[in-house]
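Start counting the sequence shown at 1; every next residue gets the next number (the UniProt record's numbering). C-beta: ideal position from N, C-alpha, C; glycine also. Quick notes on the structure that follows.
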Amino acid sequence: MHGKILRYSLATGIGVVSNHSKKIFELRKESWHDTRYLPTAGMLIEFRCNNNGFIVNAKASVYQSFPQDSFIKESDFWKTETDEELLYKEQEMHDLLVQKIFKETNYFAIKKIPLSLSIDKSIEKYFFQELSAINFVLDEKDDNNDKPLLDYVEAKRFLNKAIDYLIFTDKNITMDSFSDQLLVINKLNYSYNYFTKNINLNPQKIFTEFFLEIQLHYRAALKAQSGLKERILELETRVKNSVTEIKGIYIKMESKKDTKNLDSRLKILKTRVSKSDEELKILNPCLKNLEKNLENFRQAYKKEFEEKFQSYYTSIVNQTAKVLNLHATELDDSIWRLAMNSIPIRNTFFKQNIIGSYCTMTFMWLYLQKLDKNKLSPNDKKAYNLYIQYKKNYEKVFLVLTSNHKLETHLKIQLMSESKNHSVVIAKTNAEFFSQINSTTFQTIYIDSTMPMPIPNLIAEVKKTKKNMQTNLILIPREKIATLKD
């Protein structure tokens with residue numbers, strides 16, 4: 001039956017569904033059999049119950065929205081039990097409109113079959129589900145061209161690791177914190193996978209099987225063509241049979257003297273043939289004209305449709321990938337913000353020897369640094385190149401000279417909370433410090449004033465380097481360090 005999810009928790013895998021009569025059902029993740037979408041509140045679904053009233057099979061309905069120009073409305077959704085039944089109703093209403101146009105059109109005088117739906121609108125209708133997912137995200141998110149975007153396809157596994165580790169470490173954070181974002185990503189990813197798996201969509205086939213099918217005036221003209229052919233065939237058969245009978249009568253008349261009854265029958269048959277011929281003289285040119293108009297309609301829009309479809313298809317694939325990356329980046333931002341304010345994460349993640357902030361790219365690097373760079377798999381090589389590009393274009397690196405663990409953690413959290421693209425390198429000895437300032441250009445260098453080494457000499461050495469002679473240096477006073485808490 002049809003229903004709507006009232007609420008659903010990704011953390012517990014349990015939700016509540018209501019049907020048209022407001023009856024409540026429990027939805028468990030074991031009963032969700034839809035690889036396209038994650039269950040979420042507000043989603044229209046199709047589900048089946050066992051004899052005890054428990055949901056045993058549920059999936060997202062094909063019908064999630066009802067545009068103004070749609071043949072069916074949401075009320076029709078609630079009046080039907082299945083998507084198949086609703087599809088039949090939609091087709092039924094489509095056929096009724098075709099029938100109405102058929103009855104109102106004079107096909108004896110028709111000169112051109114009009115478009116019922118423009119080419120652009122037809123293509124949009126074909127990609128309705130994909131466009132809905134894209135437009136939803138574009139309405140919700142700012143498209144900031146300066147913002148570094150994740151490549152979702154390459155970063156997906158590391159994005160999931162970042163979520164899993166955060167939820168595992170901080171019990172106050174659950175999957176529900178990301179449910180809305182994950183739902184949209186799931187929709188977009190399904191569309192993107194569909195496009196990449198169906199790169200050879202056939203515009204010619206889609207023109208015939210979709211575009212022509214939704215053109216109501218064209219369908220009505222086909223109905224008229226079919227009716228004319230049937231009537232012409234009926235008349236031609238009548239003429240043929242009548243002529244055969246007439247020939248038989250003439251043969252009989254030659255051998256009989258009393259031909260009164262035969263004359264009467266002959267007259268009826270000749271009248272029938274004459275009337276049929278007169279009607280055929282009208283119908284045949286009409287059919288010929290209608291078939292010409294049907295062919296003209298196909299030829300007039302076929303090339304334009306195929307060209308626009310291919311262009312639109314390429315555009316929507318690129319747009320889907322872009323929006324998928326945009327939303328994945330927004331999800332990564334949410335993970336980063338939650339992690340930076342999480343006490344359990346601060347007490348574990350930031351006390352490890354990790355220089356990156358809590359985000360997808362850091363988890364990507366934690367994985368890649370364990371691998372032999374000369375033996376990377378194709379997928380790992382893509383990830384490695386992606387990370388190097390990110391590091392080059394967006395990462396800002398800070399250097400901290402300290403052996404004080406409290407100061408180290410404090411500065412890490414402070415700097416990484418400002419931006420997820422901030423990385424913090426810790427140097428605990430002179431040797432480490434000098435190695436870093438001669439090999440890497442830093443945004444800012446922080447120096448612990450309590451370090452047992454001449455500070456003026458350190459500053460002078462920094463100013464002598466090619467990479468950091470212009471780098472800003474900040475000296476952390478002893479008093480401030482003393483106020484830091486564990």
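| Item | Value |
| --- | --- |
| Where L366 and E84 are concerned, what is the direct C-alpha to C-alpha distance, given to the nearest angstrom? | 49 Å |
| Where does Q181 land, buried or exposed, given buried means 16+ other C-beta within 10 angstroms? | buried |
| Cβ atoms of R28 and G13: under 9 Å apart, would you say? | yes |
| Suppose you measure from the CA of D380 to the CA of H94; what does that come to, to the nearest Å? | 51 Å |
| Looking at the secondary structure, which residues open and close the beta strand (DSSP E) in which N57 lies? | I55 to A60 |
| Return yes when the C-beta of D277 is under 8 Å from any heavy atom of the ligand MG, and no when it is not. | As presented, the structure is devoid of all ligands, the ligand MG included, so that no description of it is given. |
| Taking 9 Å as the cut-off, decide whether the C-beta atoms of F434 and E395 are in contact. | no |
| Suppose you measure from the CA of R219 to the CA of E213; what does that come to, to the nearest Å? | 7 Å |
| So is T402 buried or exposed if we call it buried at 16+ other beta carbons inside 10 Å? | buried |
| Under the DSSP definition of a beta bridge, which residues are partnered with S177? | Per DSSP, none; premise fails for S177. |
| If contacts are defined as beta-carbon pairs under 8 Å, then L484 and I447 qualify, I think. What distance do you get, rounded to the angstrom? | Their Cβ separation, rounded to whole angstroms, is 16 Å, which puts L484 and I447 out of contact at 8 Å. |
| Under 9 Å, do I413 and F350 count as touching if we go by C-beta distance? | yes |
| Could you check the C-alpha separation between Q99 and K156 for me, to the nearest Å? | 50 Å |
| Quick check on the burial criterion: 16 or more other C-beta atoms within 10 angstroms. Buried or exposed for F25? | buried |
| Please classify M469: is it buried, with 16 or more other beta-carbons within 10 angstroms of its beta-carbon, or exposed? | exposed |
| Measure from the alpha carbon of K205 to the alpha carbon of each residue in E306, D69 and N341, then state which is nearest. | E306 |
| Pull up the CB-CB distance for N19 and M43, whole angstroms please, since I reckon it's below 8 Å. | Contact flag wrong, Cβ pair sits at about 14 Å. |
| Would you mind stating whether F363 and L87 have Cβ atoms separated by less than 9 Å? | no |
| Going by alpha carbons, who is nearest to F54 out of D372, L399 and S31? | S31 |
| Tell me, please, whether the segment 404–411 touches the segment 382–395 by the rule of three or more beta-carbon pairs shorter than 8 Å. | no |
| Roughly how many angstroms lie between the CA atoms of R346 and L338, to the nearest whole one? | 11 Å |
| Which two residues bound the contiguous beta strand (DSSP E) that contains H422? | H422 to A427 |
| How long is the line joining the alpha carbons of T169 and N325, rounded to whole angstroms? | 26 Å |
| What separation, rounded to the nearest whole angstrom, lies between the Cα atoms of L262 and M253? | 7 Å |
| Is it buried or exposed, D176, if we count other Cβ atoms within 10 angstroms and call 16 or more buried? | exposed |
| Which residues in the same chain have their Cβ closer than 7 Å to the Cβ of A41, if we skip the five residues on either side of it in sequence? | I5, L6, R7 and Y8 |
| Which of the three DSSP states, helix, strand or coil, is assigned to K396? | strand |
| Could you tell me the distance, in whole angstroms, from the CA atom of I316 to the CA atom of P203? | 15 Å |
| Measure the alpha-carbon distance for R478 versus T450 and round it to whole angstroms. | 6 Å |
| Name the two residues that bound the continuous alpha helix (DSSP H) containing N241. | L216 to S255 |
| Could you tell me which residues DSSP pairs with R7 in its beta bridges? | V16 |
| Closest by CA to D277, which one among E154, L228, K375 and L235? | L235 |
| With 16 as the cutoff for other CB atoms within 10 Å, does T208 come out buried or exposed? | exposed |
| If you check the beta carbons only, do F66 and S122 fall under 9 Å apart? | no |
| Hey, out of Y301, A162, A328 and K147, whose CA is closest to K112's CA? | Y301 |
| Under 9 Å, do T329 and K147 count as touching if we go by C-beta distance? | yes |
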